[in-house]
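Chemist: So that we are looking at the same thing, I have put the structure below in structure tokens.
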Amino acid sequence: MKTQSETTFQLNSENISSGFQQAFNWLRTTKIAISSKTGREYVSLPLIAAIVIAVILPFFSILGLLIGTLLGWHVSFQRTKEDIASKSGIIDIK
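Quick note, the sequence shown lines up with residues 1 to 94 if you use UniProt numbering.
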């Protein structure tokens, strides 16, 4: 006899606000870095700033990507991990 499992998703204001908060936290902790083949880092900025620049100045963003591709630059996304203590509101004074 085969049993079926059922998953129920509820859409309410708590789930929506939690989803937005998680997405914002992910964007806040992610940085974009542009470096050369030798490892020299040219630009390192938060992903939110990169998205805002790409929306406001799309021509320069596309031009920068083309130049970076031709010169062999590396684009990497870096995330910083948050401490469990900072999430729970505990402040560690040293």
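Don't be surprised by glycine CBs; every beta carbon is placed ideally from N, CA and C.
Mind checking Ala50: buried by the 16 CB within 10 Å criterion, or exposed?
Modeler: By the 10 Å Cβ count, Ala50 comes out buried.
Chemist: What residue does the alpha helix (DSSP H) around Thr69 start on, and which one ends it?
Modeler: Unbroken alpha helix (DSSP H) run through Thr69: 58 to 71.
Chemist: Could you tell me which of Thr3, Phe24, Leu57, Leu45 sits nearest to Ile34, measuring between CA atoms?
Modeler: Minimum Cα distance to Ile34 is reached at Leu45.
Chemist: Work out the CA separation of Ser18 and Thr7 for me, nearest whole Å.
Modeler: Near 19 Å, if we compare the C-alpha coordinates of Ser18 and Thr7.
Chemist: Pairing CB atoms from the segment 64 to 75 with CB atoms from the segment 23 to 31, are three or more of them under 8 Å?
Modeler: No, they do not touch.
Chemist: Measuring CB to CB, does Ile48 end up less than 9 Å from Arg28?
Modeler: For Ile48 and Arg28, yes; Cβs fall inside 9 Å.
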